[in-house]
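Participant: For the sequence shown, the positions run 8 to 558 when our numbering is used. Ideal Cβ placement from N, Cα and C applies to all residues, glycine included.
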Amino acid sequence: AVILWHISNEFSGDCHCPLCQKAFQTWLQKKYGSIEVLNEQWNTSFWSHQYQNFEQVESPSSLGESGVHGLNLDWKRFVTDQTIDFMKVEIAAIRESGSKIPVTTNMMYEYRGLNYAKFVNELDVISWDTYPTWHKDKEAETAEDTAMQHDWFRAMKKGQPFLLMESSPSSTNWQPVSKLRRPGMVKQAALQAIAHGSDSSLYFQMRQSRGAMEKFHGALIDHSGECDTRVFEEAEATGKILENIAEVSGSVTYAQAALIYDMENIWAMEDAQGPRNQDLGYKATYMKCYHALRRMGLDVDVISLDAPLEDYQIVVAPMLYLYREEFATKVEHFVNRGGSFLLTHWSGIVNENDLCYLGERPHGLTEVMGFETMEIDALYDGETNRFHPVPKNSMGFLKSYSCSRLCEILRGWKTTPDMEVLMVYGEDFYAGMPVLTRHSYGAGKAYAVLAEAEKALYEDLIEKMVREKQQLRVPFKGPLPEGVEVCTRRKEDMEYLFLQNFGKDTCHFALRDGQERAWEVLYEEQPMEYRRGSSCRVQAGETVILKRRLS
Numbered sequence: 008a009v010i011l012w013h014i015s016n017e018f019s020g021d022c023h024c025p026l027c028q029k030a031f032q033t034w035l036q037k038k039y040g041s042i043e044v045l046n047e048q049w050n051t052s053f054w055s056h057q058y059q060n061f062e063q064v065e066s067p068s069s070l071g072e073s074g075v076h077g078l079n080l081d082w083k084r085f086v087t088d089q090t091i092d093f094m095k096v097e098i099a100a101i102r103e104s105g106s107k108i109p110v111t112t113n114m115m116y117e118y119r120g121l122n123y124a125k126f127v128n129e130l131d132v133i134s135w136d137t138y139p140t141w142h143k144d145k146e147a148e149t150a151e152d153t154a155m156q157h158d159w160f161r162a163m164k165k166g167q168p169f170l171l172m173e174s175s176p177s178s179t180n181w182q183p184v185s186k187l188r189r190p191g192m193v194k195q196a197a198l199q200a201i202a203h204g205s206d207s208s209l210y211f212q213m214r215q216s217r218g219a220m221e222k223f224h225g226a227l228i229d230h231s232g233e234c235d236t237r238v239f240e241e242a243e244a245t246g247k248i249l250e251n252i253a254e255v256s257g258s259v260t261y262a263q264a265a266l267i268y269d270m271e272n273i274w275a276m277e278d279a280q281g282p283r284n285q286d287l288g289y290k291a292t293y294m295k296c297y298h299a300l301r302r303m304g305l306d307v308d309v310i311s312l313d314a315p316l317e318d319y320q321i322v323v324a325p326m327l328y329l330y331r332e333e334f335a336t337k338v339e340h341f342v343n344r345g346g347s348f349l350l351t352h353w354s355g356i357v358n359e360n361d362l363c364y365l366g367e368r369p370h371g372l373t374e375v376m377g378f379e380t381m382e383i384d385a386l387y388d389g390e391t392n393r394f395h396p397v398p399k400n401s402m403g404f405l406k407s408y409s410c411s412r413l414c415e416i417l418r419g420w421k422t423t424p425d426m427e428v429l430m431v432y433g434e435d436f437y438a439g440m441p442v443l444t445r446h447s448y449g450a451g452k453a454y455a456v457l458a459e460a461e462k463a464l465y466e467d468l469i470e471k472m473v474r475e476k477q478q479l480r481v482p483f484k485g486p487l488p489e490g491v492e493v494c495t496r497r498k499e500d501m502e503y504l505f506l507q508n509f510g511k512d513t514c515h516f517a518l519r520d521g522q523e524r525a526w527e528v529l530y531e532e533q534p535m536e537y538r539r540g541s542s543c544r545v546q547a548g549e550t551v552i553l554k555r556r557l558s
């Protein structure tokens, strides 16, 4: 009856005991070889932080040093490695008993204490726990945020399904406000996970505890002990839906677009001390990029800096403050062979040890991007600038857009005639300087958004980028209506198309010409009647699943 081993539970935390201090020193010695190299890579000459030997290095605890950014970054890497080492010991114990059953561990929403991308080689299956705060004013934003996390965990093991290990069939007990799931949300959330590549939708917990920390956490069976409750009946109905679409199990997602989301880059940005130490805007930027890709009906892999790029047509890289030398080489090859690459502001600043690159920025990518950055201006809260289109620009931009938080300024841009300036700043001393650019490199194109723009700019830019890529395979004539998600999964010669409406109104949108008769309905609650033409209709809070043969 056992089909999977679940190792530990939501790994987290670090330890600063003498044993871990010694292990950290050994880890550093193995990485750097000599204390001189460590001092160089951490720039310890600043504020007289030089170490004479590895035994002097202490972890950046509340009692230790926190001003050496290379130290802080390496400590987080060490904690990840130590956690993986502990997990490997647990897995080894299972293997030594003779069991060959696959193993997994449950990861957490946007957890920044560990670099989950490093776990992949030790796990047979990726799984995670999701507890969205549904039923706020903008349900579509909660759905999109959850979708992005599904795509992040799915892409960790490209080409295979993941598992939704934990979700609540009702409220939680630990969120600031623990709201009940409204009727239909148990089903809709479960099908969202399946749409994005999961082969399960599991719940914590089966029965509510009588006491202690989670006695009021939602469960399939509450303190009444009965099975005729609303929650139980909704979960039961959802289970029947999953049984009826069981043929989807084992199918996988083949994304044509990727969004780079790297934990080491996040760690370094959060520790950077400038240009904004409050609300740097990273999440706002990557979610705008993710939204713009999904709006065009594209499946999206959310990947780390180490992931290969060759399987994608479009790669979007928001705020890559930190990357290694080899990443720039990988991007160069991607664009040169025909890929479309979008880079945003505050990118290519430091190496893997949070040491600033000297010379041109973005480091290693100035030839690909067609420009060199010079300064970045941090705007006060509430302060804005504008994107203004260049008259008769080659991509047809006509509108102006607002921007905030960070504005990057180029150096010597007038001397790079092969870089297309599409939009310029409207205000401040850098008014008239480029803020949106495009540069042809080899067979591909590199785009840059040099300030944190409003959502509409990313929507319009990525829509134009998608329309330029004739080889992209999307089932709909985008853009999709607000609140609608479209996902595809494939298995052998079958393709499955998930249409979900997290908006408030019934949505109509069009299939591509010639495709409307190829699909048949696998699941729907209300008759969609899409066969009347190429128009699809999905009611608010509903999911429709179509399928077709590819050959």
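Thinking C-alpha only, which one of T550, D500, K511 is nearest S558?
Facilitator: S558 has its Cα closest to that of D500, out of T550, D500, K511.
Participant: Under the assumption that A438 contacts H446 (Cβ atoms under 8 Å), give the Cβ distance between them as a whole number of angstroms.
Facilitator: 22 Å between Cβ atoms; not a contact.
Participant: Expressed to the nearest angstrom, what Euclidean distance is found between the alpha-carbon atoms of Y328 and A335?
Facilitator: Cα to Cα, the separation comes out at about 12 Å.
Participant: I need the boundaries of the beta strand (DSSP E) containing N113, first residue and last residue.
Facilitator: Run containing N113: 113–115, per the beta strand (DSSP E) assignment.
Participant: Going straight from the alpha carbon of P139 to that of E148, what length do you get?
Facilitator: For P139 and E148, the distance between alpha carbons rounds to 11 Å.
Participant: How many angstroms separate the CA atom of S19 from the CA atom of E390?
Facilitator: Their Cα atoms are separated by approximately 38 Å.
Participant: Quick one: give me the first and last residue of the beta strand (DSSP E) that K471 is part of.
Facilitator: K471 -> not in any beta strand (DSSP E); alpha helix (DSSP H) instead, spanning 462–475.
Participant: Which residues mark the beginning and the end of the beta strand (DSSP E) in which D206 is found?
Facilitator: That run of the beta strand (DSSP E) goes 205–208.
Participant: Relative to the C-alpha of S216, which candidate in T380, L227, L553, L209 has its C-alpha closest?
Facilitator: Considering only alpha carbons, the answer is L227.
Participant: Whole angstroms are fine: how far does the CA of T373 sit from the CA of W420?
Facilitator: Approximately 11 Å between the Cα atoms of the pair.
Participant: Give the range of the beta strand (DSSP E) segment to which P441 is assigned.
Facilitator: From DSSP, the beta strand (DSSP E) with P441 extends over 441–448.
Participant: Grab me the residues of E434's own chain with a C-beta within less than 7 Å of its C-beta, minus the 5 sequence neighbours each way, in chain order.
Facilitator: N392, R393.
Participant: Please classify A279: does DSSP put it in a helix, a strand, or coil?
Facilitator: Coil at A279, not helix or strand.
Participant: Grab the span of the beta strand (DSSP E) containing T495 for me, first residue to last.
Facilitator: Start and end: 491–498.
Participant: Counting beta carbon pairs with one atom in the region 91–100 and one in the region 150–163, are three or more of them shorter than 8 Å?
Facilitator: With a cut-off of 8 Å, the region 91–100 and the region 150–163 do not count as touching, because too few Cβ pairs lie within range.
Participant: Specify the secondary structure class of Q28 as computed by DSSP and reduced to three states.
Facilitator: Reduced to three states, the DSSP call for Q28 is helix.
Participant: What are the boundary residues of the alpha helix (DSSP H) that includes N46?
Facilitator: Here the alpha helix (DSSP H) through N46 covers 42–49.
Participant: Should the region 156–167 be called in touch with the region 200–207, which here means at least 3 C-beta pairs below 8 Å?
Facilitator: Touching, yes.
Participant: What runs of the alpha helix (DSSP H), each 4 residues or longer, lie entirely inside the region 146–219?
Facilitator: Whole alpha helix (DSSP H) segments, 4+ residues: 146–163, 192–202.
Participant: Sort E117, M326, I101, I108 by Cα distance to K295 and report the nearest one.
Facilitator: Cα-wise, what sits closest to K295 is M326.
Participant: Do you know whose CA, among M376, E277, Q478, lies nearest Q263's CA?
Facilitator: The option with the nearest alpha carbon to Q263 is Q478.
Participant: Here's a check: name, in chain order, each residue in its chain whose Cβ is nearer than 7 Å to the Cβ of H23, leaving out the five neighbours to either side.
Facilitator: Only S66, S68 meet the Cβ criterion.
Participant: Looking at E241 and K194, is the spacing between their C-beta atoms short of 8 Å?
Facilitator: Yes; because the gap between Cβ atoms is below 8 Å, this pair is in contact.
Participant: Three or more C-beta pairs closer than 8 Å, one from the region 253–267 and one from the region 160–180: is that the case here?
Facilitator: Yes, since at least three Cβ pairs between the region 253–267 and the region 160–180 fall closer than 8 Å, the two stretches touch.
Participant: Give me the DSSP bridge partner(s) of I321.
Facilitator: DSSP, once it has assigned bridges, lists A264, S347 as partnering I321.
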